[in-house]
Amino acid sequence: MEEKRSSAVYAAGHFLVDLACAFALLRFVRGTAAWGEAALLYNFLAFAGQLPLGLLADRLGDGRRFAAAGCVLCAGSFVLTGTPTALAVLAGVGNALYHVGGGLDTLNRAAGKAGPLGVFVAPGAVGLLLGAVLARSACPAVLPPLLLLLTAAAVAGLCARTENAPLSLALPGTAAAALGALFLAVCLRSYAGFLFAFPWRTGVWAWAFVLCVALGKAAGGLALDRLGLSRTAVPSLGLAAALFLVSDRPLWGCLAVLLFNMTMPVTLHAAAERLPGAKGFSFGLLTFALFLGFLPEFFGLPALRTGWMYALLSLATLALLVPAGRRRA
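Here my numbering is used: the first residue of the sequence shown is 8, the next is one more, and so on.
Written as structure tokens, this is what we have:
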């Protein structure tokens, strides 16, 4: 019962943290002279910042404190609406703290299962889209920080503190090679995610797209528990590659995106397995890979936005994941 309660709290918190950050940035920062600098700072802190914070969480051990502090900082960023860069910095650090704390605590409570991790990461994309919609609406700006403060209280009120393994970055050679392959796979998946451009992604299909992202992440964790890494990654990415070839049609495009996103909890869980004494660091390492995948799009580098390119990126990701699944520490 406690594990289910904590999964629900952390998933809801993930939804609200991403909603609040999107709301704050798009309502108070976008359109200002500081937008470019603030967007880069936010993404760097929110994603790459999880690497050192993950190591600190491994050292201190209680992910609840990090997650609760992340909610408070994201709520506090709404006080800085007149200083866009400072808002982006505080929101980025808060976002990183929440993800690292929630991720570490979820991994510790899951007893080796990936299902709870999939549930934790799934709602973020929905929160981002709803935050963007609310930023353009008449939604009162006080609502997101109030919800975040309630979430912080809920996280802090989780009954049992989880046992965290003693901090250790020891990594045998085979595990190091697997971790490197996982890192590159996440770089490719992140790049592909920012590359996706579908003409049908408007109105109700925009919501369908985001729901498929969320469902894919949740399904990936559950499939990993039942099937293992290779038997999850091969059919999901193989079918995704085939469907991307006809992704100009919204139904097939949504299914391709669902299957493609099944590997997110797979990579996070596999990395944590190879660094059992530094789960927070492993989580942060792969979110740093997400940040690297964001950079080509941010800097406007030329890219092919076609079904063939998405299919090739899916197969390249698969080529990295299968060997990683065979290399056990």
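Where a beta carbon is used, it is the ideal one built from N, C-alpha and C, also for glycine.
In this text the structure is predicted, and so the values were computed from the model without any measurement.
{"Item": "Cα-Cα separation between L178 and G99, rounded to whole angstroms", "Value": "30 Å"}
{"Item": "Given L26 as reference, the closest of P130, E280, P59 once Cα atoms are compared", "Value": "P130"}
{"Item": "Ordered list of alpha helix (DSSP H) runs contained in the segment 45-98, each at least 4 residues", "Value": "57-67, 70-83"}
{"Item": "Whether A95 touches L48 by CB criterion (8 Å)", "Value": "yes"}
{"Item": "Check whether P151 and F30 have beta carbons under 8 Å apart", "Value": "yes"}
{"Item": "Cα-Cα separation, A336 to V241", "Value": "In this predicted model, A336 has a pLDDT of only 39, less than 50, meaning its place in the structure is not dependable enough to derive any value."}
{"Item": "Selected residue, minimal CA-CA separation from A184, among P330, S13, T313, R34", "Value": "P330"}
{"Item": "CB contact flag (L266, A296, <8 Å)", "Value": "no"}
{"Item": "Own chain residues within Cβ distance below 7 Å of R6, not counting five before or after", "Value": "Residue 6 is absent from the structure shown; the chain starts at 8 and stops at 336."}
{"Item": "contact_flag[the segment 215-225, the segment 307-314] where n(CB pairs < 8 Å) is 3 or more", "Value": "no"}
{"Item": "Start and end residues, alpha helix (DSSP H) containing F216", "Value": "211-234"}
{"Item": "Simplified DSSP assignment, three categories, for A336", "Value": "Summary for A336: the model assigns pLDDT 39, below 50, so the residue's position carries little reliability, and this model does not support an answer."}
{"Item": "Alpha-carbon spacing of C194 relative to S243, whole angstroms", "Value": "18 Å"}
{"Item": "Every unbroken alpha helix (DSSP H) within the segment 151-177, with a cutoff of 4 residues, ordered by chain", "Value": "none"}
{"Item": "Cβ neighbour criterion (16 or more within 10 Å) applied to D255", "Value": "exposed"}
{"Item": "Helix, strand or coil at W42 [DSSP, three-state]", "Value": "helix"}
{"Item": "C-beta contact flag for S175 and G300 at 8 Å", "Value": "no"}
{"Item": "Given G61 as reference, the closest of V79, L104, L262 once Cα atoms are compared", "Value": "L104"}
{"Item": "Classification of A18 by the beta-carbon crowding that lies within 10 angstroms, buried from 16 upward", "Value": "buried"}
{"Item": "Backbone secondary structure at G307 - three-state DSSP", "Value": "coil"}
{"Item": "S321 - DSSP class collapsed to helix/strand/coil", "Value": "helix"}
{"Item": "Straight-line gap, R238 to A15 (C-alpha atoms, nearest Å)", "Value": "27 Å"}
{"Item": "Residues near A132 in its chain [Cβ-Cβ closer than 7 Å; skip 5 each side]", "Value": "V217, V220, A221"}
{"Item": "Stretch pair the segment 108-118 + the segment 65-74: three plus CB contacts closer than 8 Å", "Value": "yes"}
{"Item": "Inter-residue CB distance, A320 and A182 (contact presumed, cutoff 8 Å)", "Value": "Looking at the sequence provided, one finds Leu at residue 320 rather than Ala. That belief does not hold up - the Cβ atoms of L320 and A182 are roughly 25 Å apart, past 8 Å."}
{"Item": "Three or more C-beta pairs below 8 Å linking the segment 36-44 and the segment 116-128", "Value": "no"}
{"Item": "From F288, R208, L231, residue whose alpha carbon lies closest to that of L328", "Value": "L231"}
{"Item": "Reference F51; option with closest CA among A318, A215, T294, L325", "Value": "T294"}
{"Item": "Which of helix, strand or coil DSSP assigns to R37", "Value": "coil"}
{"Item": "A82 versus T88: straight-line alpha-carbon distance, rounded", "Value": "12 Å"}
{"Item": "Span of the alpha helix (DSSP H), counted from its first residue to its last, around V273", "Value": "270-281"}
{"Item": "From R233, A204, D65, T90, residue whose alpha carbon lies closest to that of A40", "Value": "T90"}
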